[in-house]
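Here's the structure we're looking at; comments come further down.
Protein chains: 2
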Amino acid sequence: MPPGRPPRQADIARIAGVSQATVSVVLGGNRAGVRMADETRRRVLEVAEDLGYVPHPVATRLASARTNMIGLYTFRTTFPTDVADSYYPILVGVEEAAASLGQDLVLFTGTTGGGTHSAAAIRRVRIADGCLFFGRHVPGEPIARLVDSGFPLVYIGRRHELAGRIPYVGADYVTASADLVTSLHDLGHRTIRYVRENDDAPPSADREHGVRRAAPDAVLTRLEHGTLPVDTVRGWVRDGVTAIVVEETDTGAAYTAVRRALDAAGLSTPDDVSLAVLGRPPTPDGGVTGFEVPFRAMGGQAVHLLVDLITEQETVPQRLLRCPPVAGRTAGAAPKRS
Amino acid sequence: MPPGRPPRQADIARIAGVSQATVSVVLGGNRAGVRMADETRRRVLEVAEDLGYVPHPVATRLASARTNMIGLYTFRTTFPTDVADSYYPILVGVEEAAASLGQDLVLFTGTTGGGTHSAAAIRRVRIADGCLFFGRHVPGEPIARLVDSGFPLVYIGRRHELAGRIPYVGADYVTASADLVTSLHDLGHRTIRYVRENDDAPPSADREHGVRRAAPDAVLTRLEHGTLPVDTVRGWVRDGVTAIVVEETDTGAAYTAVRRALDAAGLSTPDDVSLAVLGRPPTPDGGVTGFEVPFRAMGGQAVHLLVDLITEQETVPQRLLRCPPVAGRTAGAAPKRS
DNA sequence: CTGAAAGCGCTTACAG
DNA sequence: CTGAAAGCGCTTACAG
């Protein structure tokens with residue numbers, strides 16, 4: 092055996108005077124109920140030990156269909172430069188769960204190879220046993236191919252595309268938003284203003300859906316350029332608005348705009364007007380009434396769901412996680428009607 | 092082709108009416124100067140596209156070509172829960188470079204499979220073409236095996252183990268620390284106190300080395316339990332210490348301890364005493380004199396070095412990156428000697 | 001220019 | 001109970 096080349100089963104077999112397959116059986120534990128004569132087993136193990144044998148993982152994987160690698164395809168940089176990004180906790184959850192299930196994680200950045208999310212880039216995920224997807228949009232054609240071919244995949248975040256055939260683990264923004272608005276209603280608020288960004292991804296649509304369910308009369312303002320004129324906010328309060336509900340997304344644009352306008356207008360919460368956020372505002376602003384988005388759990392559950400799909404377990408392929416309310420100090424009882 | 096099974100070269104060959112080997116040659120680019128009739132090539136490529144073919148990375152690797160996957164083995168969680176962690180920028184740099192080189196990234200967590208960094212866990216990295224390692228310590232035996240067998244690997248951070256045969260990309264803490272202390276000397280400081288944590292990993296040892304080179308007389312204090320008594324600091328200043336140099340690590344323990352002691356003692360910088368940090372303190376504390384650690388560049392260069400190693404380019408296998416000084420406002424001219 | 005064969009190192013039926 | 005064979009999906013000599 093030349094130096095520099097790791098020993099293989101064939102080397103052991105030759106020295107121990109048995110077949111390579113026998114070595115495989117002995118070293119692979121006693122799977123499939125195969126039994127070996129003790130003497131044979133002993134000799135094989137001894138030679139293996141002597142040679143410092145270590146199985147070649149690539150060969151092992153090729154011979155046994157699975158790779159124990161799951162993919163993570165992001166339609167953006169995997170590691171956001173802005174660490175405060177809500178995306179980060181998802182990664183933590185994904186990694187945690189993957190490790191606990193003995194799965195390695197393959198990162199596909201999509202931007203690899205120049206073409207932005209070319210069909211070829213997406214196809215590459217097949218190198219793993221299954222793949223997690225994360226991003227605001229679904230490139231229909233390539234994803235459809237994967238789903239149709241039975242390739243196990245799970246979206247992180249609710250999806251309705253492909254006639255609802257995409258497995259996902261999302262956050263229940265509808266219920267959380269409705270509950271939050273209902274709690275405002277319970278505090279006596281009857282005239283609510285709802286501010287959201289100008290983006291129609293599912294998380295935004297779901298929040299609006301929830302708000303409308305709980306407060307059909309709430310008037311909606313879509314932020315055009317991410318800013319809100321001071322006078323507009325003043326006008327709302329003058330006209331009887333007692334509570335403002337703001338969408339919260341990765342960028343936090345809507346919340347920031349409202350917060351700035353309120354500050355500039357000299358309006359304080361909850362005294363002059365109540366404020367609730369459909370999520371969590373950026374960390375420095377503690378105490379804002381809203382709800383928690385279980386990002387980490389979403390990542391973890393997505394991995395578990397994916398592995399269930401890969402191993403063909405019976406499972407619920409579309410899951411919505413609850414977003415626990417955050418009490419906060421920016422929403423209070425509505426003033427008595429004048 | 093049954094649904095659920097990804098297409099393989101044999102499928103393409105059958106449909107295109109050529110041999111599997113021909114498919115391999117066409118799809119593998121025109122290696123080995125093999126040429127194909129344009130018509131054959133076209134047909135194969137077309138069928139491959141139709142079928143959404145993607146090479147099986149494990150088979151590719153076993154047949155001893157490349158997979159274009161590079162591994163990242165961390166002796167800890169890949170995504171630190173504490174995002175402020177210095178480790179994060181390294182990841183950003185790694186991903187950026189990997190994407191730009193068309194390499195997918197495989198995350199190996201080491202903790203996978205229960206055993207902490209068992210030899211088996213480390214062996215798994217052979218699935219990739221090469222692997223980046225990151226962590227304070229080097230598990231000698233498994234790493235030695237990899238290196239001996241010629242498997243390409245690169246450590247992020249300087250290593251001296253295995254008789255200096257481990258390729259790495261590190262930060263030049265020695266020079267940066269020496270320069271920082273020299274700059275204090277230039278400001279007139281002659282009695283310098285050096286505070287470090289009680290850990291002997293290379294980054295700590297290198298910093299100490301640099302400090303000692305520039306100021307052989309500097310007295311060293313090793314932090315026992317991460318705290319520094321107020322009286323101790325008062326005593327230093329009373330005894331003529333005009334500058335304190337503090338080690339900076341991930342935890343920031345030493346800096347935090349010194350900062351707290353100074354505050355508690357009512358000593359201000361740079362008026363009562365100058366303060367310099369061997370790195371960057373945690374973000375909220377801006378303006379501290381110290382130096383930048385090029386984490387992101389380290390990650391990026393490590394990837395480039397690894398790919399060079401994989402493709403057997405001539406290259407410098409051990410690189411130390413410069414840490415640019417940060418002027419800051421906590422170090423000033425030493426008071427005139429009394 | 002193209003195909004058939006051998007082989008990468010292992011696992012898993014399948015014969016003896 | 002054990003060995004020889006086939007095969008995982010690919011690449012790379014080697015013949016035609």
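Keeping their order, the protein sequence lines are chains A and B.
Letter 310 of the first sequence, counting from 1, is numbered 401 in the numbering used here, and no numbers are missing.
Letter 3 of the second sequence, counting from 1, is numbered 94 in the numbering used here, and no numbers are missing.
Glycine included, C-beta positions come from ideal geometry on N, C-alpha and C.
Owing to the predicted nature of the structure, the values given are computational and were not obtained by experimental measurement.
Whose C-alpha, out of B:408, B:420, B:417, B:426, is nearest the C-alpha of residue 247 (chain B)?
-> B:408
Which whole runs of the alpha helix (DSSP H) in the segment 305-370 of chain A are 4 residues long or more, in chain order?
-> 321-329, 344-356
Any beta-carbon of chain A closer than 8 Å to the one on residue 137 (chain B)?
-> no
Should residue 258 (chain B) be counted as a contact of the ligand HEM given a C-beta to heavy atom distance under 7 Å?
-> This structure simply doesn't include the ligand HEM, nor any ligand for that matter.
Ends of the alpha helix (DSSP H) at residue 380 (chain B)?
-> Residue 380 (chain B) -> no alpha helix (DSSP H), and no H or E assigned at all.
If you draw a straight line from the C-alpha of residue 129 (chain A) to the C-alpha of residue 103 (chain A), how long is it?
-> 17 Å
Can you give me the start and stop residues for the alpha helix (DSSP H) that residue 69 (chain A) sits inside?
-> Residue numbering for chain A in the displayed model covers 92 to 429; residue 69 (chain A) lies beyond these limits and cannot be assessed.
Contact list for the segment 398-429 of chain A against chain B, Cβ threshold 7 Å = none
In three-state terms, what does DSSP make of residue 192 (chain A)?
-> coil
Whole-number beta carbon distance between residue 338 (chain B) and residue 369 (chain B), since they are thought to touch under 8 Å | 5 Å
Since residue 386 (chain B) is in the alpha helix (DSSP H), which residue starts that stretch and which ends it?
-> 386-401
Shortest alpha-carbon distance to residue 415 (chain A) belongs to which of A:224, A:155, A:271, A:190?
-> A:271
When the Cα atoms are used, what is the spatial distance from residue 231 (chain A) to residue 216 (chain A)?
-> 15 Å
Can you name, in chain order, every residue of its own chain whose Cβ lies under 8 Å from the Cβ of residue 333 (chain A), other than the five neighbours on each side?
-> 279, 280, 281, 282, 283, 364, 365, 425, 426
Taking residue 241 (chain B) as the reference, which of B:228, B:251, B:252, B:222 has the closest Cα?
-> B:222
For residue 238 (chain B) and chain A, any beta-carbon pair shorter than 8 Å?
-> no
Residue span of the alpha helix (DSSP H) that contains residue 231 (chain B), given as start and end | 231-239
At which residues does the alpha helix (DSSP H) containing residue 275 (chain B) begin and terminate?
-> 264-277
Helix, strand or coil at residue 184 (chain B) [DSSP, three-state] | helix
Taking DSSP as the reference, what is the three-state secondary structure of residue 152 (chain A)?
-> helix
Contact belief for residue 153 (chain A) with residue 150 (chain B) at Cβ below 8 Å, rounded distance in angstroms = 6 Å
Leaving out the 5 sequence neighbours to the left and right, which residues in its chain are closer than 6 Å to residue 274 (chain B) when beta-carbon positions are compared?
-> none
Find the residues of chain A that neighbour residue 490 (chain B), judging by a C-beta separation of less than 8 Å, and give them in chain order.
-> Residue 490 (chain B) lies beyond the stretch modelled for chain B, which goes from 92 to 429, so this question has no answer here.
With a 10 Å radius around its C-beta and 16 neighbouring C-beta atoms as the bar for buried, classify residue 286 (chain A) as buried or exposed.
-> buried
Min CB distance residue 117 (chain B) to chain A below 8 Å | no
Cβ-Cβ distance between residue 382 (chain A) and residue 177 (chain A) below 8 Å | no
Straight-line gap, residue 205 (chain B) to residue 190 (chain A) (C-alpha atoms, nearest Å) = Low confidence applies here, because residue 205 (chain B) scores a pLDDT of 48, under 50, leaving its location unreliable; read the following figure in that light. Computed Cα separation, rounded: 9 Å.
Where do the ends of the alpha helix (DSSP H) carrying residue 245 (chain A) lie?
-> That residue, residue 245 (chain A), is in no alpha helix (DSSP H); its beta strand (DSSP E) goes 244-247.
How is residue 117 (chain B) classed by DSSP in three states: helix, strand or coil?
-> helix
Which residues does DSSP pair with residue 287 (chain A) in a beta bridge?
-> A:313
Given residue 331 (chain A), which residues of its chain have a CB within under 7 Å of its CB, disregarding the five upstream and five downstream residues?
-> 282
Can you tell me whether DSSP reads residue 92 (chain B) as helix, strand or coil?
-> Bear in mind that the predicted position of residue 92 (chain B) carries a pLDDT of just 43, short of 50, making it unreliable; the figure below should be weighed with that in mind. Correct three-state label for residue 92 (chain B): coil.
Chain B contact for residue 364 (chain A) (CB, 8 Å cutoff) = no
Decide yes or no for the touch test of the segment 135-142 of chain B against the segment 157-166 of chain B: beta carbon pairs closer than 8 Å, at least 3 of them.
-> no
Cβ contact check for the segment 342-362 of chain A and the segment 312-320 of chain A: 3 or more pairs under 8 Å = yes
Leaving aside the five residues before and after residue 211 (chain A) along the sequence, list all residues of the same chain whose C-beta is less than 7 Å from its C-beta, in chain order.
-> none
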